[in-house]
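Numbering (UniProt numbering), first residue to last: 1 to 376.
Structure (structure tokens):
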């Protein structure tokens, strides 16, 4: 019987001078983690932070890989879910890192999805005023978005990701084999961030996704290609605008609406997960752009049709349970970190792949739009 040939590994470089790092994308990277880390870092101590969903599948293989390369590692397993991104769980993560006696050349490893990556990265950024940090993302969303670029943080009752620091990883290992264990819902949620890169400034990529999304979901070369294109897109933006003073804000397409919806559901993952909020938010951003006579309503319909085809929610009515009135959603939007000087900033669009930063968006227009979309 002929053996199946695995797709080739891809490498994307994030160019940040002496803080540049590689994103490796492909199968079998957790088993190869020790070798890849040891070839780049001098340290031989690691603190691995993961959660209860990921640990049973991937913690032991990762620890074994580190051990084979002579790396001494300790681990901490946290509860799974968005509510883990909190001060309550930040403290034990910091204590675990300090307890492992992590020194300057050692590293903190995040093994998990975006929640674990954000929380662990924040801890790595503040312990000893900054520790080396490695991302081993285990969700599609984390592989194409949150593990790249150095944004770390936790949530607050005032909103999502409002407390954090920029702290770049030293290496990202995106093992595509782990994506086969995701639930369909988790994979779809991550796919929303893949589609986002096409909608920002890569219309040809969005068209490719419309034609090839089923192959991306199936796995293999198409999946690796979609992840690599997404990571390359983000790497280029991060290299040009690391701290979001300009074009990096484009990566927030759909996020202002999406974050408000997440806050409105109290981060209850049974009702809404991040990628689903982004999907609805991207449709809303295109519809609002059409309302402001910036883009054709046909673009919004095209975006909604594609996201709906892959099984993502595209309307506020798709969210289970009661949502607060439009005025409450506006309060969440006003707390969003993309507010400057009290003025609303949105990522809007002039068409597919033609997104831009819109400063000083009239709050009255946004409120009127939300009332149309979510009448009480």
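For each residue, glycine too, the CB sits at the ideal point set by N, CA and C.
**OP:** Could you tell me the boundaries of the beta strand (DSSP E) in which residue 160 lies?
**Re:** 159–163
**OP:** Look up residue 128 in the DSSP assignment and say whether it is helix, strand or coil.
**Re:** helix
Subject >> Residue environment, residue 102, which counts as buried when at least 16 other CB atoms sit within 10 Å >> reply: buried
Original post:
Hey, would you say residue 275 sits closer than 8 Å to residue 189, going by beta carbons?
Top reply: yes
**OP:** Evaluate contact between the region 136–151 and the region 87–98, counting only Cβ atoms and requiring at least three cross-stretch pairs below 8 Å.
**Re:** no
Subject >> Inter-stretch contact (C-beta, 8 Å, three-pair minimum) for the region 70–82 and the region 31–48 >> reply: yes
Original post:
So residue 131 and residue 96 are in contact, right, with Cβ under 8 Å, and what is the actual spacing, rounded?
Top reply: That pair is no contact at about 12 Å.
**OP:** For the alpha helix (DSSP H) holding residue 30, just list the boundary residues, first then last.
**Re:** Premise fails: residue 30 is in no alpha helix (DSSP H) and is neither H nor E.
**OP:** Kindly give me the distance between the Cβ atoms of residue 167 and residue 125, rounded to whole angstroms, as I take these residues to be in contact under 8 Å.
**Re:** 3 Å
Original post:
residue 235 CB to nearest chain B CB: under 8 Å?
Top reply: The chain labelled as chain B is not found in the depicted structure, where only one protein chain is given.
Original post:
In three-state terms, what does DSSP make of residue 188?
Top reply: helix
**OP:** With DSSP as the reference, please indicate the residues paired to residue 135 in a beta bridge.
**Re:** 110 and 172
Original post:
How big is the Cα-Cα spacing for residue 2 and residue 220?
Top reply: Because residue 2 sits at a pLDDT of 38, beneath the cut-off of 50, its placement in the model cannot be relied upon, and the following sentence gives the value as read from the coordinates. Each residue's alpha carbon lies about 17 Å from the other.
**OP:** Buried or exposed for residue 249, please, with buried defined as at least 16 other CB atoms from any protein chain shown within 10 angstroms of its CB.
**Re:** buried
**OP:** Measure the C-alpha to C-alpha separation of residue 156 and residue 254 and round it to an integer number of angstroms.
**Re:** 20 Å
**OP:** With DSSP as the reference, label residue 359 as helix, strand or coil.
**Re:** strand
Original post:
Mind checking whether residue 333 and residue 344 have CB atoms under 8 Å apart?
Top reply: yes
Original post:
Among all the DSSP beta bridges, which residues are the ones paired with residue 50?
Top reply: 77
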